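Below you'll find the structure, written out as structure tokens, and then a few comments.
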Amino acid sequence: MESKIKRNEFLKSLGFKGASLLAVYCGTTALSSCENESNVTPSGGVDFTVDLSNAAYSKLNTAGNYIILNKVVIARTSAATNGFAAVTQICSHEGQAQVYFTGSGFACPAHGATFSLTGAKTNNISSKGITAYQTSLSGTTLRVFS
Ligand code: FES
8 MESKIKRNEF LKSLGFKGAS LLAVYCGTTA LSSCENESNV TPSGGVDFTV DLSNAAYSKL
68 NTAGNYIILN KVVIARTSAA TNGFAAVTQI CSHEGQAQVY FTGSGFACPA HGATFSLTGA
128 KTNNISSKGI TAYQTSLSGT TLRVFS
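Per the working numbering, residue 8 is the first one in the sequence shown, and the count goes up by one each step.
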């Protein structure tokens, strides 16, 4: 006989679901076992390179295009050597990994939050901006870093 309410159902009965349910689990377990937490908020520690001669990334040679790599949205904002912008894919509103490049800034379609090229919020859907990263192009190697 099953007299205990399963933890998951108990939390759901309290109205927790989705990201907040995950947060409850994370909050009650050791940080080291909470792998999803770091995936949800990649705040720092970013440092990787993208080879723009690689066909998979060559669209970044043309202004207006973007790619998503390592949960970072990397946009080609202009033809200039420094014409790049990079921000986290994770929206600051409710943590959806849906941020994309609009051509002039960044946006999240989940609820309509918009952000500037430097990650500042440009409407009031989210109460704060999103993390932006630095970029530097050397030859065909683009470095994206914190
Ligand atoms: S999660 Fe991005 S707008 Fe709500």
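Every residue gets a Cβ at the ideal spot worked out from N, C-alpha and C, and that includes glycine.
All values derive from a computational prediction rather than experimental measurement.
Counted within 10 angstroms of its Cβ, other Cβ atoms place residue i as buried (16 or more) or exposed
| i | result |
| --- | --- |
| Y73 | buried |
| F91 | buried |
| A139 | buried |
| F113 | buried |
| F108 | buried |
DSSP three-state assignment for residue i, whether helix, strand or coil
| i | result |
| --- | --- |
| K128 | strand |
| L67 | helix |
| L149 | strand |
| L76 | strand |
| Q103 | coil |
Inter-residue Cα distance where the pair is residue i and residue j
| i | j | result |
| --- | --- | --- |
| F55 | V79 | 10 Å |
| F122 | N89 | 19 Å |
| L144 | N130 | 30 Å |
| C115 | V106 | 4 Å |
| R150 | L124 | 17 Å |
Integer Cβ distance of residue i from residue j, believed to fall under 8 Å
| i | j | result |
| --- | --- | --- |
| S133 | S99 | 5 Å |
| I59 | I81 | The displayed chain sequence assigns Leu, not Ile, to residue 59. Between I81 and L59 the Cβ distance is about 10 Å, and since that is not below 8 Å, they are no contact. |
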